[in-house]
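Colleague: Heads up: the sequence shown at position 132 corresponds to 131 in numbering that gives the first Met the number 0, and the numbers run straight through without jumps. What follows is a structure written as structure tokens; I'll ask about it next.
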Amino acid sequence: MISCILLTAGESLRFGSPKALAQISSTKTIEFLQQKLIQSLVEEIIIVTGAHEALIAPYVFNHSKVRLVYNKDYKMGQTSSFQTALRSVDKNSHGFMLLPVDYPFVLTKTMDDLVNAFQQQNPDILIPAYQGKHGHPPIFHQSLKKDLLDFSANKGLDSFIRQRQVHILEVHDSGIIQTFNTPEELKDLLKHNHFGAVGGADVSVTE
């Protein structure tokens, strides 16, 4: 089985409010991603909250695939949140998919293609690429779990990845490289992905 670790623990300072609660069409970003993940081949979804746990938790689905964990050390960054989820991941999980909540436009088909490729190739790390650009979500092999937990929480996972054997899966999905840090960036992505009203999408920033 493959587990997906969905990161929502950040403070979202540049966005001005939780990115997980930004509006995409008629739903919140975190709901939008959960819908995709539940439909995918991923068998476990671990949502990591932190800075805005009280605001985000009500939007976590009551579903057999979904679990919620809280990272009290969220200020240390994404690596810390990833490690928090790893400590509670299902013991039968073969790989850990890492998906930050600000990559909402990854296609369900891409998630499935990654899961299938990972199970067939059995690499240390599998990373999707679009037109040669690496993106999210990568999948880490369960054999790396101890090394990931021992890795410094103050360092970015890019430095961990550079030390490992990596397989690349080229995908036809620009969503793997589409991320946002500000409301303006999200508006541009929504227009590109044809969400929202005709003539431009409205972004609802929830405090």
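No residue lacks a Cβ here, since even glycine has one placed at the ideal position from N, Cα and C.
1. Taking just the CA atoms, how far does VAL88 sit from GLN38?
2. Taking the alpha-carbon positions, what's the SER63 to GLY94 distance?
3. Could you check whether VAL165 and ASP235 sit closer than 8 Å to each other, using their CB atoms as the reference points?
4. How long is the line joining the alpha carbons of PHE117 and GLN22, rounded to whole angstroms?
5. So the beta strand (DSSP E) VAL165 belongs to, where does it begin and stop?
6. Which same chain residues, not among the five before or five after GLU169, have their C-beta less than 6 Å away from its C-beta?
7. If you follow the beta strand (DSSP E) that PHE95 is in, where does it begin and where does it stop?
8. Assuming ILE4 and MET110 are in contact, meaning their beta carbons sit under 8 Å apart, how far apart are those beta carbons, in whole angstroms?
9. Let me confirm a value: ASN121 is counted as buried when at least 16 other C-beta atoms fall within 10 Å, else exposed. Which label applies?
10. How about LEU156 and PHE81: are their beta carbons less than 8 Å apart?
11. Measuring straight from C-alpha to C-alpha, what distance separates VAL47 and HIS191?
12. Only counting the same chain, and skipping five residues up and downstream in sequence, which positions put a Cβ closer than 8 Å to that of LEU12?
13. Could you have a look at GLU43 and say whether DSSP puts it in helix, strand or coil?
14. For PRO17, collect the residues of the same chain with a Cβ closer than 8 Å to its Cβ; drop the 5 residues on either side in sequence, then sort them by chain order.
15. Identify which residue in SER79, GLN141 and LEU188 has its Cα closest to the Cα of ILE175.
16. Consider the C-beta atom of MET96 and the heavy atoms of the ligand GDP; say whether any pair is separated by less than 7 Å.
17. Helix or strand or just coil, what does DSSP make of PHE60?
18. Could you tell me the alpha carbon to alpha carbon distance between ILE216 and ILE167, rounded to whole angstroms?
19. So SER24 is in the beta strand (DSSP E); what residue range does that whole segment cover?
20. For ASP72, is the classification buried or exposed, using 16 other Cβ atoms within 10 angstroms of its Cβ as the cut-off for buried?
21. In its own chain, which residues sit with a C-beta less than 6 Å from the C-beta of VAL41, not counting the 5 before and 5 after it?
22. Which class does HIS140 belong to by DSSP, given the choice of helix, strand or coil?
Modeller: Per the coordinate set shown:
1. 20 Å
2. 19 Å
3. Outside the displayed range of the chain (0 to 206) lies residue 235, so it cannot be described from this structure.
4. 32 Å
5. 165-169
6. For GLU169, same chain residues with a beta-carbon under 6 Å away, outside a window of 5 residues either side, are ALA128 in chain order.
7. 94-99
8. 13 Å between Cβ atoms; not a contact.
9. When all chains shown are included, ASN121 counts as exposed.
10. At a Cβ-Cβ threshold of 8 Å, LEU156 and PHE81 count as neighbours.
11. 28 Å
12. So the list is empty, once near-sequence residues are dropped.
13. strand
14. THR7, SER11, ALA50, HIS51, LEU54, ILE55 and THR205
15. LEU188
16. The model depicted lacks the ligand GDP and carries no ligand whatsoever.
17. Note: PHE60 maps to coil in three-state DSSP.
18. Given that the chain is displayed from residue 0 to residue 206, the structure contains no residue 216 and the question cannot be resolved.
19. Neither: SER24 is in no beta strand (DSSP E) and is coded neither H nor E.
20. exposed
21. Correct list, in chain order: ILE1 and CYS3.
22. Per DSSP, reduced to three states, the secondary structure at HIS140 is strand.
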